[in-house]
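Numbering of the sequence shown is given in my numbering, commencing with residue 246 and proceeding in unit increments. Notes follow once the structure below has been shown.
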Amino acid sequence: MKLFTQAIVAIDGSKFKAVNSRDRNFTVGKVDKRQEQIEHSIQRYLDALETADRTQPAEVEAKTERLQEKIRKLRTQMQQLDEVKQQLKDIPDGQISLTDPDARSMATHAQGSGLVGYNIQTAVDAKHHLIVAHEVTNIGNDRAQLHTMAQAAKEAMGKKKLKALADRGYFNGLQIKACEDHNIAAFVPKPMTSNAKAEGRFDKTDFVYITKQDAYRCPAGEQAIYRFTSVEKALNVHLYWPSACPNCPLKEQCTTSSFRRVRRWEHEDVLERMQQRLDRNPDAMTLRRSTVEHVFGTLKHWMGWTHFLTRTIKHVSTEMSLHVVAYNFKRVLSILGMEGMMKAMKLAGA
Numbered sequence: 246m247k248l249f250t251q252a253i254v255a256i257d258g259s260k261f262k263a264v265n266s267r268d269r270n271f272t273v274g275k276v277d278k279r280q281e282q283i284e285h286s287i288q289r290y291l292d293a294l295e296t297a298d299r300t301q302p303a304e305v306e307a308k309t310e311r312l313q314e315k316i317r318k319l320r321t322q323m324q325q326l327d328e329v330k331q332q333l334k335d336i337p338d339g340q341i342s343l344t345d346p347d348a349r350s351m352a353t354h355a356q357g358s359g360l361v362g363y364n365i366q367t368a369v370d371a372k373h374h375l376i377v378a379h380e381v382t383n384i385g386n387d388r389a390q391l392h393t394m395a396q397a398a399k400e401a402m403g404k405k406k407l408k409a410l411a412d413r414g415y416f417n418g419l420q421i422k423a424c425e426d427h428n429i430a431a432f433v434p435k436p437m438t439s440n441a442k443a444e445g446r447f448d449k450t451d452f453v454y455i456t457k458q459d460a461y462r463c464p465a466g467e468q469a470i471y472r473f474t475s476v477e478k479a480l481n482v483h484l485y486w487p488s489a490c491p492n493c494p495l496k497e498q499c500t501t502s503s504f505r506r507v508r509r510w511e512h513e514d515v516l517e518r519m520q521q522r523l524d525r526n527p528d529a530m531t532l533r534r535s536t537v538e539h540v541f542g543t544l545k546h547w548m549g550w551t552h553f554l555t556r557t558i559k560h561v562s563t564e565m566s567l568h569v570v571a572y573n574f575k576r577v578l579s580i581l582g583m584e585g586m587m588k589a590m591k592l593a594g595a
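Okay, here's the thing in structure tokens:
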């Protein structure tokens, strides 16, 4: 139907609730906190038993029975939590959900809040806002999802090249390089995590890389030359610093150490090319938001407050696929109209 004339997609993830309440999801920290609360409750009931024995002899038998029953229930809960804690030792991510074993506790944008559910990844085309690829994951962050989703979108759209727009949560050097290796131009802003900038000092963006000399020019005009290569978080990183640092008049604005070290990933040029694309396309993130975010709002509105009705990632994936089919069907109907839709379906059937 020639709906994918633009090879541009926006990629994003959103948390959807599973059939598993927060009270039925446990980590070691949650178990410890709950057991501490139970211990306090047991002690409170024991104190109440002692007080009743002293001050209410006429009613002590009935009250003692009620309090002892509460204590028995709490001690049963304590034993159950001990069993959960033992199970957690054998689970790699240190998390267990009792209703839906594949669901995971995930943080949301509101501070201190979260839900037990799934992180749904989607790639939406920028022209007609059709979902061209999606995946159900139980990983709470998006850092390792960019290339998988972009490649799936590229194949689904039948394109040789693709532009993929995503937010800061997808910034990952290896993922961005994998995209470039497969003819996918990523547009992902870099997270603002520089302590130096936050404390009023120069950050890495104030140092200019000189390719021919494999060196950086610092804000004072000195050259930070290559010193050695180290492995940091499984990445080969080159380190540079100027010899003039100890006597530099700008040292206080630059570093609290003896020398200002600049780190450069061996494939830093991939990230630099992406930043140049972002600089040339200042509206890229506006396009991303207007393309993908309302899709999640529409789906969640349809699904209702509980979101998913099935359990385990296999069945949840099927349920999500049905929602995506319904969403795309309604979008195409809106784009083509009833007559155009019927014509397209007849042609497809032929």
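All C-beta atoms in this analysis are idealised placements derived from N, C-alpha and C, irrespective of residue type, glycine included. A quick note: this is a predicted structure, and the numbers were derived from the prediction, not measured.
The alpha helix (DSSP H) with residue i in it runs from where to where?
i: Arg472; result: No alpha helix (DSSP H) holds Arg472; the beta strand (DSSP E) holding it covers Gln468 to Glu477.
i: His560; result: Ile558 to Gly594
i: Arg533; result: Ala529 to Met548
i: Gln458; result: Here Gln458 belongs to no alpha helix (DSSP H), and DSSP marks it neither H nor E.
i: Ala441; result: Asn440 to Ala443
i: Asp524; result: Glu513 to Arg525
Under 8 Å by Cβ, that's how I've got residue i and residue j pegged, so tell me the actual separation to the nearest angstrom.
i: Asp257; j: Thr367; result: 6 Å
i: Val264; j: Phe553; result: 6 Å
i: Leu360; j: Thr353; result: 6 Å
i: Met565; j: Val381; result: 5 Å
i: Leu333; j: Phe271; result: 7 Å
i: Lys408; j: Ile253; result: 5 Å
i: Lys262; j: Gly362; result: 4 Å
i: Ile421; j: Gln396; result: 13 Å between Cβ atoms; not a contact.
i: His392; j: Ala423; result: 4 Å
i: Arg506; j: Leu484; result: 6 Å
i: His373; j: Leu516; result: About 31 Å; that fails the 8 Å criterion.
Are the C-beta of residue i and some C-beta of chain B separated by less than 8 Å?
i: Asp257; result: Although the question refers to chain B, the structure presented lacks it and comprises just one protein chain.
Quick check on DSSP: helix, strand or coil for residue i?
i: Ala409; result: strand
i: Ala252; result: coil
i: Ser350; result: strand
i: Glu387; result: Here residue 387 is Asp; the residue named in the question, Glu, does not match the sequence. Correct three-state label for Asp387: coil.
i: Lys422; result: helix
i: His483; result: strand
i: Lys260; result: strand
i: Arg506; result: coil
i: Ser342; result: strand
i: Ile429; result: strand
i: Asn492; result: helix
i: Thr272; result: strand
i: Ser286; result: helix
i: Lys247; result: coil
i: Leu554; result: coil
i: Lys449; result: helix
i: Gly414; result: helix
i: Asp335; result: coil
i: His392; result: helix
i: Met402; result: helix
Could you spell out the range, first to last residue, of the beta strand (DSSP E) harbouring residue i?
i: Tyr363; result: Gly359 to Asp370
i: Ile376; result: Ile376 to Thr382
Straight-line CA distance for residue i to residue j?
i: Ile384; j: Val276; result: 21 Å
i: Asp528; j: Phe432; result: 11 Å
i: Lys496; j: Gln390; result: 40 Å
i: Asp451; j: Thr557; result: 49 Å
i: Asp387; j: Asn364; result: 8 Å
i: His512; j: Trp486; result: 19 Å
i: Thr321; j: Trp547; result: 41 Å
i: Asp292; j: Gln313; result: 12 Å
i: Arg533; j: Leu326; result: 44 Å
i: Ile336; j: Arg279; result: 20 Å
i: Phe504; j: Lys330; result: 48 Å
i: Ala297; j: Thr309; result: 8 Å
i: Met587; j: Ala398; result: 26 Å
i: Arg317; j: Met351; result: 33 Å
i: Gln520; j: Asn492; result: 33 Å
i: Tyr598; j: Leu544; result: Outside the modelled stretch of the chain, which goes from 246 to 595, sits residue 598, for which no answer is possible.
i: Glu284; j: Tyr290; result: 10 Å
i: Glu467; j: Asp338; result: 47 Å
Should residue i go down as buried or exposed, given a rule of 16 or more other Cβ atoms within 10 Å for buried?
i: Asp370; result: buried
i: Ala443; result: exposed
i: Asn481; result: exposed
i: Leu375; result: buried
i: Ala593; result: exposed
i: Met583; result: exposed
i: Leu567; result: exposed
i: His539; result: exposed
i: Leu578; result: exposed
i: Lys260; result: buried
i: Phe473; result: exposed
i: Asp345; result: buried
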